[in-house]
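S.K.: Taken in order, these protein sequences are the chains called F and X.
Heads up, the first sequence is in full-length UniProt numbering, so the first residue is 1 and it goes up one at a time.
Heads up, the second sequence is in full-length UniProt numbering, so the first residue is 1 and it goes up one at a time.
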Amino acid sequence: MDSSDDDSEEYLFKIVIIGDSAVGKSNLLSRYARDEFNLHSKATIGVEFQTQVVEINGKEVKAQIWDTAGQERFRAVTSAYYRGAFGALLVYDISRRSTFESVTRWLDELHTHCDTTVAKMLIGNKCDLDNIRDVSTEEGAKLAEDEGLFFMETSALDSTNVNKAFEIVIREIYSNVSRKVLNSDSYKAELSINRVSLVKEDGDGSRRSWSSCCSR
Amino acid sequence: MVNKRVPDWLNSSLWSSPGPQPSVQSPSPTPATLNDDDDATNRSTRSATKSSTATVNSVKAGGSASGGEFPVERTGPMPSAPAVIRAENRHVPTRAKAETRDPLSSSSNYHSDEENGSSAGSTTSASAAAAISSAEDISRQAQLCQELSRKIINMGEVRRLASQGIPDGAGIRATVWKLLLGYLPTEKALWPTELAKKRSQYKHFKEELLMNPSEITRKLEKSVILDDEGTVIADKGELPRSEITQGEHPLSLGKNSIWNQFFQDTEIIEQIDRDVKRTHPDLHFFSGDTPFAKSNQDSLRNILIVFAKLNPGIRYVQGMNEILAPLFYVFRNDPNEENAASAEADTFFCFVELLSGFRDHFCQQLDNSVVGIRSTITKLSQFLKEHDEELWRHLEMTTKVNPQFYAFRWITLLLTQEFNFPDSLLIWDTLLSDPEGPLETLLRVCCAMLIIVRRRLLAGDFTSNLKLLQNYPSTNISHLLYVANKLRAKLG
């Protein structure tokens, strides 16, 4: 596939935000997508959805960001939300250790539902709460390194690093896509299947081949 | 062929004036200032729109009250303005108006634009209709009051009247809901004893279930003799006890020690605390630092903890707080002071009763069963297909919007997050009035929500459709319920 086709190519990346309840997932998204923060936002039930257009290397990239419910109970019904995800933000609250300890469970969840090429970032949110910090920056960075994740501490409240975190994930997805598979004919087909399968129940088959395609 | 599936009545002229439509044509007449004390999410933007149309309408309808008072004008059924909100009104006037003044003025611009093109512009007829509607309300309210005054309540009649919305000028919604939920027996003479029995039972539950081992231990260590009256600290949910009766309550039957149990409970309780604080953050009744809001939050917390402990198979699931809130709000605002004071106990039992019809939606183990949430969502999808195959096909086949993505919240929360609070109460009047139970009505209302915005959906793609359904536009609730009721007749 030659590059001349790429000019007309429209990129649509699905990104999921996951992590325990009340770590600030919805506020990270509203800060990023609308530059808004709500100290008393309601708990997310099911899933909420935003789109954001970013420009990377002169190309328009549409990020479709899914904000999911945190409570354990919802996991059985949230599996559909992971389908077709290209990126994931795993969020914990630096002032609540238990949310950090859950990160590995969320990683498992992600691996169960998504292929390995998902661009993943570990996010220690609420870094404005440094005075009641319960997880050190070093611990976060260490876990991220061990698991091969990007890492960043953010504050949706004061905006620290929020845009940066999303941007890194989107750029990484973009480079994954360009570097690994842009030259293969099958990629085009896969990408369009993936686009459709964002909402498709039976997208598993296509994901598997996509995965093998990338793992080369 | 597909088009044949679109029911003729959808295009009927009835749609043009289902009730007073504040036929505002411009996208949003909202003054920016209305929004300034709110989170500017989509949802709050919508409520700001509501408040502005509310103001417009109350003037047009010639509603009586002025200043911080609540006009009794208005369209269709309307929840009362309980004393509590009136108090809030002093603090945040614009917001309080948005919430309470005119819950039904919210027929959306979208809505009038696309489904009611012909109704555009007729503000005078709208206000005339409002006056008629208001008269109907007063009449229905009088009828309901009369029904409530009978020795033996005729539930058929109460259901019929309440299903059109309970005009709550007389503060009767609390009593009607308690009847609809079977909490109050139909024989009025039994009410005092029945209420006394239940309230005492709840007090007992609290004493048994809300104890805090660390506190007990600490106090025992200090050899403090505990006061067993349970009233002093009751509002903190930590009742003092003179003895620990481990064997009595359901959760101590297991192998776990009281302490292991306690640690498990702590996680749930923390979750409950976080969510109670996030319950209706826009309503001063529930949110803020006033003693009143705090005591209301404590009540929600107590009820959810007691429920979680009595139902170890379900415990607490996020969203239960949202279902609890309308019940507690209505009961706590009962003009009868004795009832208002016992709102927590009454709410608990009504919550249990209400949830018994929906419990399976909260149970993870049942997600994939015929009674679980997925199955209910599938029912909604089939229901839509039967009534409007074109819309169904476009939504689920063409734009591939999985109904789970929007209906999960609609159904688990009984529509409490899709509309403003007073509108939710009106929808609940109808849900609770159905003798077949609320689920079928709920599905009809959900289906009606889809049909009402069908033109926008049919023109939309995946993204715009999902955004629309996750941020449902404000809608004239009488109209919505009318459409939902039509769906009942259609399937027969």
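Just so you know, even glycine gets a beta-carbon here, dropped at the ideal spot from N, CA and C.
1) In this structure, does DSSP put G47 (chain F) in helix, strand or coil?
2) Which residues of chain X have a Cβ atom closer than 8 Å to the Cβ of G71 (chain F), listed in chain order?
3) Residues in its own chain within less than 7 Å of N161 (chain F) by CB, not counting five upstream and five downstream?
4) Does DSSP put T117 (chain F) in a helix, a strand or coil?
5) At least one CB of chain F closer than 8 Å to the CB of K309 (chain X): is that the case?
6) Any contact between the stretch 349-359 of chain X and the stretch 316-336 of chain X? By contact I mean 3 or more CB pairs, one from each, below 8 Å.
7) For the stretch 386-411 of chain X, which residues have a CB atom closer than 7 Å to at least one CB atom of chain A, in sequence order?
8) Express the C-alpha separation of I17 (chain F) and W410 (chain X) in angstroms, rounding to a whole number.
9) Specify, as a first and last residue, the run of the beta strand (DSSP E) that K64 (chain F) falls within.
10) Can you check whether the CB of G70 (chain F) is closer than 8 Å to the CB of I94 (chain F)?
11) Chain F partners of K379 (chain X), CB-CB under 9 Å?
12) DSSP three-state label for F13 (chain F), please.
13) Go ahead and pull the three-state DSSP assignment for V23 (chain F).
14) Please decide whether D5 (chain F) counts as near chain X, where near means a Cβ-Cβ distance under 8 Å.
15) For the stretch 37-52 of chain F, enumerate the residues whose C-beta is nearer than 9 Å to any C-beta of chain X, in chain order.
16) For Q382 (chain X), which of helix, strand or coil comes out of DSSP?
17) Under 6 Å Cβ to Cβ from S163 (chain X), same chain only, skipping five residues before and after it: list those, please.
18) Tell me, which residues are paired with F151 (chain F) by DSSP?
19) So is T44 (chain F) buried or exposed if we call it buried at 16+ other beta carbons inside 10 Å?
20) If contacts are defined as beta-carbon pairs under 8 Å, then A343 (chain X) and L380 (chain X) qualify, I think. What distance do you get, rounded to the angstrom?
21) Give the DSSP-derived three-state secondary structure of G87 (chain F) in the structure shown.
22) Nearest-angstrom Cα distance between N402 (chain X) and Q146 (chain X)?
23) Could you name each continuous alpha helix (DSSP H) segment of 4 residues or more that falls completely within the stretch 416-463 of chain X, going from the start of the chain to the end?
24) Here's a check: name, in chain order, each residue in its chain whose Cβ is nearer than 7 Å to the Cβ of P281 (chain X), leaving out the five neighbours to either side.
25) Since P326 (chain X) and L425 (chain X) are thought to touch, with beta carbons under 8 Å apart, how far apart are those beta carbons, to the nearest angstrom?
26) With distances taken between CB atoms, is the gap from V135 (chain F) to Y92 (chain F) smaller than 8 Å?
27) What residue does the alpha helix (DSSP H) around Y183 (chain X) start on, and which one ends it?
28) Since I believe N465 (chain X) is in contact with L395 (chain X) (beta carbons under 8 Å), could you give me their beta-carbon distance rounded to a whole number of angstroms?
29) Do three or more CB pairs link the stretch 155-172 of chain X to the stretch 432-450 of chain X at distances below 8 Å?
30) With distances taken between CB atoms, is the gap from M449 (chain X) to Y472 (chain X) smaller than 8 Å?
31) What three-state label does DSSP hand V53 (chain F) in the structure shown?
32) Taking Cβ positions only, does A85 (chain F) come closer than 8 Å to chain X?
33) Is it right to say D67 (chain F) is buried, meaning 16 or more other beta carbons lie within 10 angstroms of its own, or is it exposed?
34) Measure the C-alpha to C-alpha separation of T51 (chain F) and E172 (chain F) and round it to an integer number of angstroms.
35) Within the same chain, show all residues whose beta-carbon is closer than 7 Å to that of R301 (chain X), passing over the 5 residues directly before and after it, in chain order.
M.R.: Walking through what the data contain:
1) Just to set this straight, residue 47 (chain F) is Val in the shown sequence, not Gly. Of the three classes helix, strand and coil, the one that applies to V47 (chain F) here is strand, per DSSP.
2) The residue asked about is misnamed: residue 71 (chain F) is Gln in this sequence, not Gly. Ordered by position in chain X, the residues that pass the 8 Å Cβ test against Q71 (chain F) are Q271, V317, Q318.
3) If we look at N161 (chain F) and ignore the five residues flanking it on each side, its Cβ neighbours are M152, E153, T154.
4) DSSP places T117 (chain F) in coil when its eight states are reduced to three.
5) It does not; no Cβ of chain F falls within 8 Å.
6) Yes, they touch.
7) Annotation note: the requested chain A is absent from the structure, which comprises protein chains F and X.
8) Their backbone Cα atoms lie some 21 Å apart in a straight line.
9) Just to set this straight, residue 64 (chain F) is Gln in the shown sequence, not Lys. Q64 (chain F) -> beta strand (DSSP E) spans 59-68.
10) No, they are not a contact pair.
11) Ordered by position in chain F, no residue passes the 9 Å Cβ test against K379 (chain X), which lies about 15 Å from the chain.
12) Looking at F13 (chain F) - three-state DSSP - the assignment turns out to be strand.
13) V23 (chain F): coil per DSSP, three-state reduction.
14) Low confidence applies here, because D5 (chain F) scores a pLDDT of 43, under 50, leaving its location unreliable and the question unanswered by this model.
15) Of all residues in the stretch 37-52 of chain F, the ones placed with a Cβ closer than 9 Å to any Cβ belonging to chain X are F37, N38, L39, H40, S41, K42, A43, T44, I45, G46, V47, E48, F49, Q50, T51, in chain order.
16) Note: Q382 (chain X) maps to helix in three-state DSSP.
17) Answer for S163 (chain X): T430, S433, listed in chain order.
18) Answer is F:L122, bridged to F151 (chain F).
19) Buried is the call here.
20) A343 (chain X) to L380 (chain X), Cβ: 33 Å. No contact.
21) In the displayed model, G87 (chain F) falls within a strand according to three-state DSSP.
22) The straight-line gap from Cα to Cα measures roughly 47 Å.
23) Qualifying alpha helix (DSSP H) stretches, in chain order: 421-433, 438-452, 454-459.
24) Here the set comprises S287.
25) Correct: roughly 6 Å between the Cβ atoms.
26) Yes. Within cutoff.
27) Y183 (chain X) -> no alpha helix (DSSP H), and no H or E assigned at all.
28) Confirmed, about 7 Å.
29) Between the stretch 155-172 of chain X and the stretch 432-450 of chain X, the count of C-beta pairs closer than 8 Å reaches three or more; the two stretches touch.
30) Between M449 (chain X) and Y472 (chain X), the C-beta spacing is below 8 Å.
31) DSSP, reduced to helix, strand and coil, places V53 (chain F) within a strand of the structure shown.
32) No Cβ of chain X is located within less than 8 Å of the beta carbon of A85 (chain F).
33) By the neighbour-count rule (16 or more Cβ atoms within 10 Å), D67 (chain F) is buried.
34) Straight-line Cα distance between these residues: approximately 18 Å.
35) Excluding positions up to five away in sequence, the list reads G237, I272, D273, V276.
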